[in-house]
Amino acid sequence: MFESKSGVFLIAGIGFFSLSFLVMGVLPWTMYLDQPELTVEEIAEQGILHEFVDLAERFPKQFEEQYPGGVTTASFAEALELGHKIYVGEACWHCHSQQVRPVSNEDLRWGPVSHAREYQNVLQRPVLFGTRRVGPDLAREGARRSNDWHVAHFFKPTIVAPTSVMPEYPWFYDEDGYPNKRGFAIITYVQWLGSWLVEYPYYQGEGPAGPTTDDAINQRRAGTQTKKKETDF
Ligand code: HEC
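Each residue of the sequence shown is one higher than the one before, starting from 667 at the first, in this note's numbering.
Structure, rendered in structure tokens:
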């Protein structure tokens, strides 16, 4: 077999295929085998998002209609699960990635570089890393904008971002223009993105849009950034 060139290539081909299958398939699989994948309920039990409570306070009547039990771990889990389904179903991933990559200073724009451990839960199935970025990466979207901003934005993106090419989503609203179940769910979902990080959420002038001087950037990278005062934003 080794006398002919094609024989050598065949053996090499099978060899390299097996090697890549081992390194990229079997090895990562065994590395994470003992790590349980979090369920939506387990995620919700880690703490109810402030933004979910805020939605209930902002739209009490509409929220009560959709979630008669009010803000509970169960209703939060339900909203997260539906929000994720909508994100997949509406193909938001077609224009948005969910992975801050360790290149091109992405961390300065969007926040900490994504880590494999962040994706160990059912809301990351199917994988939504995405490759196209017609819109910004959303892995650190949580608390970057207010609920009000999202309510206006999903209704008609150009209200808050005049040059936006993002589609309008009127079916996230009831006939009076208040968020319906889908609206609450998708907002809860985008507000959840990145909220699991200790150094999150970024808001009030901190984070990606925050530091502009070299010192501030280095401080942030070293994790020694001094918190800004509440009035700074
Ligand atoms: C055709 C491409 C496209 C699709 C589809 C799309 N978006 Fe966008 N999105 C954009 C663009 C472009 C922007 C930036 C301008 C703006 O803020 O509207 C954006 C901005 C956003 C922002 C604000 C990010 C920030 O903080 O600046 C959020 C949140 C968002 N999109 C969520 C979604 C969700 C959820 C869906 C699916 C329901 C979706 N997008 C579908 C293109 C898209």
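Just so it is clear, CB atoms sit at the ideal spot from N, CA and C, and this is done for glycine as well.
Predicted model, so just to flag it, every value in this text is computed and none were measured.
Quick check on residue i: does DSSP put it in helix, strand or coil?
{"i": "L794", "result": "coil"}
{"i": "L676", "result": "helix"}
{"i": "Y839", "result": "strand"}
{"i": "N813", "result": "helix"}
{"i": "L746", "result": "helix"}
{"i": "P845", "result": "strand"}
{"i": "L774", "result": "helix"}
{"i": "L715", "result": "coil"}
{"i": "L721", "result": "helix"}
{"i": "L685", "result": "helix"}
{"i": "L789", "result": "helix"}
{"i": "L699", "result": "coil"}
{"i": "L693", "result": "helix"}
Take residue i and list the residues in its own chain whose beta-carbon comes closer than 7 Å to its own, dropping the five residues that flank it on each side.
{"i": "W858", "result": "L715, L746 and G808"}
{"i": "H816", "result": "I853 and V856"}
{"i": "G735", "result": "S741"}
For a quick check, are the C-beta atoms of residue i and residue j less than 7 Å apart?
{"i": "L688", "j": "A851", "result": "no"}
{"i": "T854", "j": "F718", "result": "yes"}
{"i": "M832", "j": "G796", "result": "no"}
{"i": "F742", "j": "A710", "result": "yes"}
{"i": "V766", "j": "V779", "result": "yes"}
{"i": "R806", "j": "W759", "result": "no"}
{"i": "Q764", "j": "L794", "result": "yes"}
{"i": "P836", "j": "S830", "result": "no"}
{"i": "L804", "j": "H762", "result": "yes"}
{"i": "I752", "j": "R848", "result": "yes"}
Considering only residues of the same chain and omitting the five flanking positions on each side of residue i, which have a CB-CB separation below 8 Å?
{"i": "I825", "result": "A818 and H819"}
{"i": "Q732", "result": "N846, K847 and F850"}
Counting only the same chain and skipping the five closest in sequence on each side, list residues whose C-beta sits under 6 Å from that of residue i.
{"i": "P768", "result": "V779"}
{"i": "E772", "result": "V766"}
{"i": "V856", "result": "E807"}
{"i": "P792", "result": "none"}
{"i": "M667", "result": "G673"}
Compute the minimum distance between the beta carbon of residue i and the heavy atoms of ligand 3, and state whether it is under 6 Å.
{"i": "G777", "result": "Of the ligands this structure carries, namely ligand 1, none is ligand 3."}
Worksheet item: Can we say the region 724 to 736 touches the region 837 to 849, given the rule of at least three CB pairs closer than 8 Å?
Response: yes
Practice prompt. Please confirm if the region 699 to 716 is in contact with the region 775 to 791, defined as three or more CB-CB distances below 8 Å between the two stretches.
Written response: yes
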